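157 is the number of the first residue of the sequence shown in the numbering used here; add one for each residue after it.
Note that CB positions come from ideal geometry on N, CA and C, so glycine has one too.
Treat the numbers as computed from the prediction; the structure is a model and nothing was measured.
What follows is a single structure, written as C-alpha cells, with notes after it.
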Amino acid sequence: MAVKVESPVRNKPFKDFIVFFLVAFAGASVNFSARIIYGQFLPFNLSIVPAYLTGMIVGFVLTKRYAFNAKASGNTRREMVKFLLISLLALAVTYVTSVSVLPLLNRHLADVSLFFRQTFAHVTGMGLSFLTNFFGHKLFTFKSTGFYERVRQKQ
C-alpha cells in the first residue's frame, strides 16, 4: 500500500501558516521600528500602543492581500471590523506581556542597556501576540462565521 506524502508547501494549513508568518513579519517589523521611533517621544509603555496600531494597518493590508485566500472575498468592511477586534486582543497581549517582562529584565539584567531591555520586552510581547493574531484571523477574521450577520440582525 502506497502512502501519499505531501510536500509541506502543498499542505494548506502549513502554507497558510508560512504566508501569514511572512505577512505578520512585515507588520511586526513596522511595529518594532515604530516603537523605537515613538519611544523617542513617549515612555516605553505608551509607545507600544501607537506602534502596534501602525503595524496593524500594514498587517491588515498585507493579510487581506496575501493570506487565507481573502483577497477577493468581497467582505473587506466586515473583515476590517473583525480584524480590529482580534488586533485589539493581540494589542492587549503585546502590552501586558511587554510591561510585565520589562521589570523582570530591569531587576535581573540591570547592567544591560535600557534600550535592549525594552526591545527584548517588546519582542517578547510581539511574539505572544503573533499566536493570538494567527489563530484569531484564521478562525474568525477571514472566515465566514455568520457573526457579522447576527450582529446586523440585532440592530
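Cα separation between residue i and residue j?
i, j, result
"Thr-275", "Asn-289", "20 Å"
"Tyr-222", "Thr-232", "13 Å"
"Phe-272", "Pro-259", "13 Å"
"Ala-182", "Phe-216", "11 Å"
"Thr-210", "Thr-297", "19 Å"
"Ser-269", "Asn-167", "43 Å"
"Phe-177", "Ile-242", "16 Å"
"Val-179", "Val-205", "20 Å"
"Gly-195", "Leu-240", "24 Å"
"Ser-189", "Pro-199", "15 Å"
"Ile-193", "Ala-248", "20 Å"
Taking DSSP as the reference, what is the three-state secondary structure of residue i?
i, result
"Ala-184", "helix"
"Leu-198", "coil"
"Lys-168", "helix"
"Ala-223", "coil"
"Ala-207", "helix"
"Ala-246", "helix"
"Asn-289", "helix"
"Leu-265", "coil"
"Phe-271", "helix"
"Phe-298", "coil"
If residue i sits next to residue j, beta carbons under 8 Å apart, how far is it from one beta carbon to the other, in whole angstroms?
i, j, result
"Thr-253", "Tyr-208", "So it is not a contact: roughly 12 Å between Cβ atoms."
"Ala-246", "Leu-261", "Contact flag wrong, Cβ pair sits at about 22 Å."
"Asn-187", "Met-282", "6 Å"
"Thr-280", "Val-255", "Between Val-255 and Thr-280 the Cβ distance is about 11 Å, and since that is not below 8 Å, they are no contact."
"Lys-299", "Asp-172", "About 11 Å separates the two Cβ atoms, so there is no contact after all."
Could you tell me if residue i is buried or exposed, where buried requires 16 or more neighbouring beta carbons within 10 angstroms of its beta carbon?
i, result
"Gly-292", "buried"
"Val-237", "exposed"
"Ala-266", "exposed"
"Arg-191", "buried"
"Ser-285", "buried"
"Lys-220", "buried"
Indicate whether at least one CB of chain D lies closer than 8 Å to the CB of residue i.
i, result
"Gln-309", "The structure shown has no chain D; it contains just one protein chain."
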